[in-house]
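Reviewing the structure listed below.
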Amino acid sequence: MKIIYFIVQQTMTFSIPLLIVALGGMFSERSGVVNIALEGIMVFGAFTSILFINQMQDTMQGQLLLILAIAVAAVSGMLISLLHAYASIHMKADQVISGTAINMLTPAVAIYVARMIQQIQQIGFVNTFRIVSVPLLGNIPVLGPLFFQNTYLTTYLGFAILIVSALVLYRTRFGLRLRACGEHPQAADSVGINVYKMRYAGVLISGLLAGIGGLVFVIPTSTNFNATVAGYGFLALAVLIFGQWKPGRILLAAFFFGLMQAIASAYSGIPFLAGLGIPNYFYRMTPFIATLVVLTFTSKKSRAPKAAGVPYDKSAR
Amino acid sequence: MKKRPLNLNFLSSLFAICVGLLFGYVILLISNPAQAGDGFGTILTGAFRDMRSVGRVLYFATPIILTGLSVCFAFKTGLFNIGASGQLIVGAYLAVLVGNKGAALGGAHWVVALLAAIAGGALWALIPGLLKALANVHEVIASIMMNYIGMYLVNYLVVQTVFDQLRNQSLPVAASAVIPRWGLDKIFPRSNVNAGFFIAVLAAVTMYVILYKTKFGFELKAVGYNRDASRYAGINEKRNIVLSMVIAGALAGLGGGLLYLAGTGKHIEVVNHLAPEGFTGIPVALLGLSHPIGILFAGLFIGYLTVGGDYLQLYDFAPEIIDVILAAIIYFSAFALIIRTFIQRRAIRTGGGGAK
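As they're listed, the protein sequences go chains P and C.
Note that our numbering has the first sequence beginning at 60, numbered continuously upward.
Note that our numbering has the second sequence beginning at 2, numbered continuously upward.
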């Protein structure tokens, strides 16, 4: 039983950032802008917020500092995503190239700034954010150890973001318009929807969530930030595709991918899996291979937003 | 298809470079105003300090010319090869494997190791190529997945076959697998440059001939311009998509072979980090205007910036500023199309511009 608790807790650690970032990617792509810059935005969000924690941790600790850091990550993620939005919406640039530029830019900026401030590129922080057991809820048998012990505030934030995202996308006028811009921007424009504005909104939301996702990824998995989020932005992109651009399926995909990561990093401590003798590289590869397989069977009738990746040109209506 | 004048393309590349450099200068100014001028001067002139520095430019340029060619070649068929990183590392692994185990090959050892690298890269690009042609899987997404699969697979295989446990990296290759220097070490003392640079030049010329002087190249470009029209014209567009990816992968794989057989103490490290040379191929291809000969110069240019950036540490600047500048250059070359149309429109409005 203890092992199951451990695996579930580990899976949460890895799944939640994937969930948050993939939901961010969903908003961007459903508005019609492909966002392969998720990785770079995560790096930037993690960088600014960990630097913030690094500077502030002498004056405050715990959940208050974490909440402020989340705000810093969100704002900086939005700012950096503005670059992508401007290039791909206003300048009608190639969205893959613009995304690649951001993926190259942010790790370089993070290393450069860190080295100029403190000589080394790793930014250390003290983890005062872990919740050993949520009051009351942590004492519930079975469910307590599964979901309310050894956890982080960010886990619940992740679920909150999921619920809000699903509501916004399917139950609000904004969500309907956003989806229209990703499927058929000309039609959306013809009924008076400002396609540019909706796409800016989509990309900025993806920046906000990816920025938060960067911080959420780094805090439980490390004690310093070394200008990388280990490919989690690209993994989130895979989650988005595996989840077929739908919030509910994205949740399942995030858990599947998170479980694979959890097994890869902890399998030697689990007798059953250690006995199988499968090297951890294969668990790490599985999500990427699974995504390729899913793509192979779904791409002919892809559920991807129809206009994703195509700059909207008003004059070409 | 209207042909864009080359000088406009060149101008937009130049614009991206200038804005990127300016951006870098501003960052230097913000971080240390007193040293910024000297630091920026070093970026621009560092590569010409001595013959060793010039040799290092050639050494740094070699692999990124090949990944640049790789990105360019796929681009001509309308495919964006973001998977050069994975193709490069798979090629590098096979090169290192042959380099370790094939000492019996004698004088041909390094050639066979490079051929293995080419095969590895080609194989790694074959998969996204086939997926694109047969199942319509977007090559960008498939290549991103292949990058990570390749990285983990190579990490695993290195540990299984050619592992230096002490240093957590691949074992050094046999002396016969190291690419010969062909006298370059005499011209550029202590600089690591080797015959690999000539191979890169040869690859660029070969790609130029294939793309511009053969029927096959014409077909590839036709598929890139318009898939439907080329199918209508009797071109087997699926076959061309697969071949284009395979050749692109072969180039990236060759780049990996040249990088890890250079005998410079570079080994495949078992870390969860994608090979950066694959991504540098993207700015090389963009700045080189997707033309093989342009890419040769773009690779040299980025090598030149890298060497200059190395000397920045003398002025207490972190050399990562070069990556920042490169990223800015890619970002602005993404605008290039807009800039081109802007210049063209202006030329028309002012009545200038001459023949188009």
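Ideal Cβ placement from N, Cα and C applies to all residues, glycine included.
Pull up the CB-CB distance for residue i and residue j, whole angstroms please, since I reckon it's below 8 Å.
i	j	result
residue 139 (chain P)	residue 266 (chain P)	6 Å
residue 128 (chain P)	residue 112 (chain P)	5 Å
residue 272 (chain P)	residue 126 (chain P)	Between residue 126 (chain P) and residue 272 (chain P) the Cβ distance is about 16 Å, and since that is not below 8 Å, they are no contact.
residue 30 (chain C)	residue 37 (chain C)	4 Å
residue 344 (chain P)	residue 153 (chain C)	5 Å
residue 243 (chain P)	residue 365 (chain P)	7 Å
residue 221 (chain P)	residue 82 (chain P)	6 Å
residue 192 (chain C)	residue 50 (chain C)	That belief does not hold up - the Cβ atoms of residue 192 (chain C) and residue 50 (chain C) are roughly 12 Å apart, past 8 Å.
residue 148 (chain P)	residue 258 (chain P)	5 Å
residue 131 (chain P)	residue 107 (chain P)	5 Å
residue 167 (chain P)	residue 324 (chain C)	3 Å
residue 280 (chain P)	residue 186 (chain P)	Contact flag wrong, Cβ pair sits at about 10 Å.
residue 322 (chain P)	residue 332 (chain P)	6 Å
residue 290 (chain P)	residue 88 (chain P)	About 19 Å; that fails the 8 Å criterion.
Since residue i sits in a beta bridge, which residues does DSSP pair it with?
i	result
residue 182 (chain P)	P:284
residue 170 (chain C)	C:165, C:270
residue 190 (chain P)	P:210
So, for residue i: in the same chain, excluding its five sequence neighbours on each side, which residues have a beta-carbon less than 7 Å away from its beta-carbon?
i	result
residue 247 (chain P)	236, 239, 240, 254
residue 62 (chain P)	329
residue 143 (chain P)	94, 96, 157, 158, 161, 262
residue 264 (chain P)	83, 86
residue 209 (chain C)	293, 294
residue 352 (chain C)	Only weak support exists for where residue 352 (chain C) lies, its pLDDT of 46 falling under 50; the value from the coordinates is given anyway. Excluding residues within five positions, none has a Cβ falling inside 7 Å.
residue 368 (chain P)	93, 154
residue 64 (chain P)	204, 205
residue 202 (chain C)	297
residue 260 (chain C)	64, 93, 267, 278
Can residue i and residue j be called in contact, C-beta distance under 7 Å?
i	j	result
residue 278 (chain C)	residue 34 (chain C)	no
residue 312 (chain C)	residue 58 (chain C)	no
residue 338 (chain P)	residue 297 (chain P)	no
residue 281 (chain C)	residue 61 (chain C)	no
residue 178 (chain C)	residue 110 (chain C)	yes
residue 84 (chain P)	residue 299 (chain P)	yes
residue 159 (chain C)	residue 271 (chain C)	yes
residue 96 (chain C)	residue 197 (chain C)	no
residue 314 (chain P)	residue 74 (chain P)	yes
residue 285 (chain C)	residue 263 (chain C)	no
residue 310 (chain C)	residue 320 (chain C)	yes
residue 237 (chain C)	residue 224 (chain C)	no
residue 330 (chain C)	residue 17 (chain C)	yes
residue 358 (chain P)	residue 148 (chain C)	no
residue 376 (chain C)	residue 39 (chain C)	Since the first residue shown for chain C is 2 and the last is 357, residue 376 (chain C) is missing from the structure and cannot be characterised.
residue 27 (chain C)	residue 90 (chain C)	no
residue 292 (chain P)	residue 101 (chain P)	yes
residue 268 (chain C)	residue 170 (chain C)	yes
residue 169 (chain P)	residue 286 (chain P)	yes
residue 322 (chain C)	residue 25 (chain C)	yes
residue 328 (chain C)	residue 86 (chain C)	no
residue 174 (chain C)	residue 100 (chain C)	yes
residue 287 (chain C)	residue 245 (chain C)	no
residue 143 (chain C)	residue 135 (chain C)	no
residue 77 (chain P)	residue 295 (chain P)	yes
residue 234 (chain P)	residue 223 (chain P)	no
residue 88 (chain C)	residue 126 (chain C)	yes
residue 219 (chain P)	residue 306 (chain P)	no
Near residue i, which residues of its chain fall below 8 Å by C-beta distance, leaving aside the five closest residues on each side in sequence?
i	result
residue 277 (chain P)	105, 109, 284, 288
residue 255 (chain C)	67, 92, 115, 118, 119, 122, 200, 204
residue 212 (chain C)	74, 77, 218, 221, 222, 293
residue 141 (chain C)	81, 83
residue 212 (chain P)	122, 125, 126, 188, 190
residue 198 (chain P)	192
residue 190 (chain C)	52, 53, 56
Take residue i and list the residues in its own chain whose beta-carbon comes closer than 6 Å to its own, dropping the five residues that flank it on each side.
i	result
residue 184 (chain P)	109, 112, 113
residue 10 (chain C)	290
residue 231 (chain C)	223, 224, 238
residue 363 (chain P)	none
Should residue i be counted as a contact of the ligand FMN given a C-beta to heavy atom distance under 6 Å?
i	result
residue 88 (chain C)	The model depicted lacks the ligand FMN and carries no ligand whatsoever.
### Task
Count the C-beta pairs between the stretch 244-259 of chain C and the stretch 74-91 of chain C that are closer than 8 Å, then say yes if the count reaches three, no if not.
Under the Cβ criterion (8 Å, minimum of three pairs), the stretch 244-259 of chain C counts as touching the stretch 74-91 of chain C.
### Message
Below 8 Å, how does it come out for the stretch 68-78 of chain P and the stretch 203-213 of chain P: are there three or more Cβ pairs, yes or no?
### Response
The answer is yes - the stretch 203-213 of chain P touches the stretch 68-78 of chain P, with three or more Cβ pairs under 8 Å.
#### Entry: At least three beta-carbon pairs within less than 8 Å, the stretch 352-361 of chain P to the stretch 159-166 of chain C
Output reads no: the stretch 159-166 of chain C does not touch the stretch 352-361 of chain P.
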